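Encoded as structure tokens, the structure appears first; notes follow it.
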Amino acid sequence: VKVRTEQELVKDGRGILRPDRVVYLDNGVEIVDYKFGLKTEDSHKRQVREYMDALAEIETCSIKGFVWYVTTGKIEEIS
Numbered sequence: 003v004k005v006r007t008e009q010e011l012v013k014d015g016r017g018i019l020r021p022d023r024v025v026y027l028d029n030g031v032e033i034v035d036y037k038f039g040l041k042t043e044d045s046h047k048r049q050v051r052e053y054m055d056a057l058a059e060i061e062t063c064s065i066k067g068f069v070w071y072v073t074t075g076k077i078e079e080i081s
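Below, the structure is given as structure tokens:
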């Protein structure tokens, strides 16, 4: 397992994205973005989806995404 924090991802050559954590596993990659508010929002899911899409441009393995709402302990998987 290899873990990268704040790893820069280039999106379409036009911008830099920085997911909170990227975990490289033997069978794929997991992206985790931490949120500290009490509300879950669709924008959080879109943000992780954007990270996943950018990583998919350079990786051919399975990619999973998660939003971890630290304050409430809720973890949402992004498909």
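Numbering-wise, my numbering comes out as the position in the sequence shown, counting from 1, plus 2. All C-beta atoms, glycine included, are put in the ideal place defined by N, C-alpha and C. Just so you know, these numbers come straight off a predicted model, no measurement behind them.
Local Cβ density within 10 Å of residue i, reported as buried at 16 or more and exposed below that
i	result
L27	exposed
D35	buried
Cβ-Cβ distance between residue i and residue j below 8 Å
i	j	result
I65	I33	yes
E61	V31	yes
T73	G17	no
R88	T7	Residue 88 lies beyond the range of the chain shown here (3 to 81); nothing can be said about it.
G75	M54	no
Residue nearest to residue i in terms of C-alpha spacing, selected from the options
i	options	result
L57	V3, R20, K37	R20
S81	E52, V25, Y71	E52
C-alpha distance - residue i paired with residue j, whole-angstrom precision
i	j	result
K37	K4	22 Å
D44	W70	13 Å
N29	E59	17 Å
Could you say if the region 41 to 48 and the region 5 to 22 meet the contact criterion of at least three C-beta pairs nearer than 8 Å? no
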